[in-house]
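Which chain is which? The protein sequence lines are H and R, in order.
Counting from 1, position 270 in the first sequence corresponds to residue 313 in the numbering used here; the numbering is continuous, with no gaps.
Counting from 1, position 108 in the second sequence corresponds to residue 110 in the numbering used here; the numbering is continuous, with no gaps.
Glycine included, each C-beta is placed from N, C-alpha and C at the ideal position.
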Amino acid sequence: KQHHLQTLLRKSSRIKRSTNALWGHAAFSKNILTWRLIGEGYSSQLSVEEQRHIFRLAFRMWSEISPLQFIEDLHSPPDEIDIRLGFGTGRHFGCAQSFDGAGREFAHAWFLGDIHFDDDEHFTAPNAGNGISLLKVAVHEIGHVLGLPHIYRSGSIMQPSYRPQDDGFELDWLDRKAIQNLYGGCGGRFSTVFDWIRKERTAYGEVVVRFNTYFMRNGLYWLYENRSNRTRYGDPVSVQVGWHGLPSSGVDAYVHVWSRETDAAYFFKGAQYWRYDSQNDQVFSEDADGQRYPRLISEGFPGVPSPVDTAYYDRRDAHIYFFRGSLVYRFSIQANKLAATQKMTELFPALTPGDHPTSNLDAAYFSYSHNTLFLIKGASYWRVVGKRARKMKRSLPYNSLLPAREVQQQWFDICDVHTSALR
Amino acid sequence: EKLFHSRDHSDVEMFSSHLAELVTDMDSAQHFLFKYGFMKPVNREHTQSPGVDTSTDSDIFLEDTVQDQTFFTHSEDTEHLPESPDFIGALLEFQQVSGLPVTGVFDDATKVAMNKPRCGVPDKEEDQIETIETSTTAEDLNESSEPFNITATPQSNNTDIDVAQNDTSDKAETE
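Following this line, the structure appears as structure tokens:
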């Protein structure tokens, strides 16, 4: 797996036009690509703004599942633009391949190059219900530019023939793997990872508890759909959009103190922390004593240093475990004071000698999906041995760490997009 | 301009001269198969086949769209096309990958499929034929759970939980 990761990393530094062994296709050698809808190639059927909006969305859809990012470049000389798009009819733009009029061929694209759309076709906006969805065609043609061939598989966006668009088409698992085979998977460190608990009342008045998984990286976050092995379509989103009152640059840690007496969610950043009001979807303005948020960590959690790397609440012993450097600070909720300080390697011993994050964790994440605590650092994660595993094998030390695995082999396609693509 | 009357241009009319020529017969079907890579273009000097009418009337000039060059290809006499192994082979392949009944005959279903709106990029290119044949048929991709090196298996939910949990995704169930 380490070798495979290195192979994926080396792909990104390949020179342009080198070939991929599996598909025999070239791939861009850089991950940030520019595009432009050329002025002499506007469609006569949609407003220019609509056309640009649709292309922005099409590029973003590829960005959401690959390490590629796309920037609409309106200023550089045309020959410096990586991907140029335009509409034409018949003989167009000096292109070697003429369009055939309304019907049959609707567009074509050139590897590592430009995309031409046949303006004799009736292109429409997404979900228009008639015509040919410009969004679907654009996503398909961008796939060619990036190096994908036609794929005869039901559900693939790279099928050669146009299928009338279902509501909200998306790139499925195999299409994602196809592009990732050329450009690698998505990586990057996380600021924190957590399951957000929400309580809802059914139509029968019954209270049910649900959870959603969130990954945060600096000022962005993703909702991760565990049952679908992917992030929510359209993510990432800015923290300031989804979590009102939190710093726009993101957070260091999240803790949910959940017991019979207490149900409180806290976010930590730098020397400060906030308590989040789930009912009103924003941070609390003040605590029960009238002290305004954000508060200092040193005041709310005496003895705990700041900033912290990460933290989690352990319901087994009602302590918050704060991680900073190589140390773990156990904080007692009941006593409201620091209970103990230990080295991470002692509190969470490695099962395999040397296979341990040792310090500077990114996230300590308790997953309700897996009923397991994960320690995440960089591209790796360690699973903490839980009750079930120790029942099956009593020799396993308490809270020991299983060997490291790759984050992107457990949680898939958590990909950045360019800031210009954020809503 | 293209004539329309509705505010949203949804009734825009196409000039008849702007309508794409449809695939209607063997000739145009062969053109289709050449154009999208199911039949290989051949240099003119080497296209002398038995029984082939070499007059210009039966020649088809096709463009190799990927290489940005033009190859002249010799079409076979239309009468002999149904028996031509190359044509039949190409037709079979097109029918197979398109999910059509694999008859080797230019039937109505095949004609409809050839006239569907499609991308202008060839489905097969000469230098990629082997690769695509081994890896991109619909059956291959459907059968293999993971054709690439990135291993990925759906996660099974751990049922040993002490709190009712639900994912708010569409298919969640309450435990």
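| In this structure, what does DSSP give as the bridge partners for Trp239 of chain H? | H:Asn255
| query | What residue does the beta strand (DSSP E) around Ala407 of chain H start on, and which one ends it? | reply | Going by DSSP, Ala407 of chain H is part of the beta strand (DSSP E) stretching over 406-410.
| message | For a contact defined as C-beta to C-beta under 7 Å, what are the partners of Gly122 of chain R on chain H? | response | Gln140, Glu148, Ala150, His151
| task | From the DSSP output, read off the bridge partner residues of Leu21 of chain R. | result | H:Ala145
| said: Going by beta-carbon coordinates alone, are Arg120 of chain R and Arg147 of chain H separated by less than 8 Å? | reply: yes
| said: Any beta carbon from chain R within less than 8 Å of Asp306 of chain H's own beta carbon? | reply: no
| field | chain R contact for Asp163 of chain H (CB, 8 Å cutoff) | value | yes
| field | Neighbour-count burial assignment, Val284 of chain H, 16 or more Cβ in a 10 Å radius | value | Residue environment for Val284 of chain H: exposed (fewer than 16 other C-beta atoms within 10 angstroms of its C-beta).
| Can you tell which of H:Gly333, H:Arg241, H:Leu178, H:Asp405 has its C-alpha closest to the C-alpha of Lys420 of chain H? | Ranking H:Gly333, H:Arg241, H:Leu178, H:Asp405 by Cα distance to Lys420 of chain H puts H:Asp405 first.
| Can you check whether the CB of Met387 of chain H is closer than 8 Å to the CB of Phe409 of chain H? | Taking a C-beta distance under 8 Å as the contact criterion, Phe409 of chain H and Met387 of chain H do not qualify as a contact pair.
| From Leu35 of chain R to Leu93 of chain R, what distance separates their C-alpha atoms? | 7 Å
| Does any C-beta atom of chain B lie closer than 8 Å to the C-beta of His193 of chain H? | Of the protein chains in the structure, H and R, none is chain B.
| For Leu416 of chain H, which residues from the same chain have a beta carbon less than 6 Å from its beta carbon, with the 5 sequence-adjacent residues on both sides left out? | Phe409, Val427
| To the nearest angstrom, how far is it from the Cα of Glu107 of chain H to the Cα of Ile457 of chain H? | 7 Å
| What residue range is occupied by the uninterrupted beta strand (DSSP E) comprising Gln88 of chain H? | Counting along the chain, Gln88 of chain H falls outside any beta strand (DSSP E), and DSSP gives it neither H nor E.
| query | So, is Leu214 of chain H buried or exposed, given that buried needs 16 or more other C-beta atoms within 10 angstroms? | reply | buried
| Which bits of chain H does Glu23 of chain R rub up against, with CB to CB less than 9 Å? | Asp143, Gly144, Gly146, Arg147
| Any alpha helix (DSSP H) of 4 or more consecutive residues that is wholly inside the segment 316-379 of chain H | 340-343
| query | Along chain H, which residues have their Cβ under 9 Å away from the Cβ of Asp125 of chain R? | reply | Pro192, His193, Tyr195, Pro203
| task | Closer than 7 Å by beta-carbon distance: list the chain R residues that pair up with Glu488 of chain H, in chain order. | result | There is no way to answer for residue 488 of chain H, as the model of chain H reaches only from 44 to 466.
| task | Give the residues of chain H in contact with Val99 of chain R, contact being defined as C-beta atoms less than 7 Å apart. | result | Tyr195
| query | What's the C-alpha gap between Arg318 of chain H and Arg241 of chain H? | reply | 15 Å
| field | Per-residue contacts from Pro119 of chain R into chain H (C-beta, under 8 Å) | value | Gly146, Arg147, Glu148, Phe149, Glu164, Ile175, Ser204, Tyr205
| message | For Glu184 of chain H, would you say it is in contact with chain R, using Cβ-to-Cβ distances shorter than 8 Å as the test? | response | yes
| field | Assigned secondary structure, Pro427 of chain H (DSSP; H/G/I helix, E/B strand, else coil) | value | The residue you asked about is not Pro; residue 427 of chain H is Val in the sequence shown. The answer is strand: DSSP assigns Val427 of chain H an E or B state.
| message | For the ligand NAP, I want to know if Tyr38 of chain R counts as a neighbour, meaning its beta carbon is within less than 7 Å of at least one of the ligand's heavy atoms. | response | Absence of the ligand NAP from the depicted structure is noted, as is the absence of any ligand whatsoever, leaving it without description.
| request: Check whether the Cβ of Phe108 of chain R lies closer than 8 Å to any Cβ atom in chain H. | output: Answer no: the Cβ-Cβ gap between Phe108 of chain R and chain H never drops below 8 Å.
| message | Is there a Cβ of chain R sitting closer than 8 Å to that of Thr462 of chain H, yes or no? | response | no
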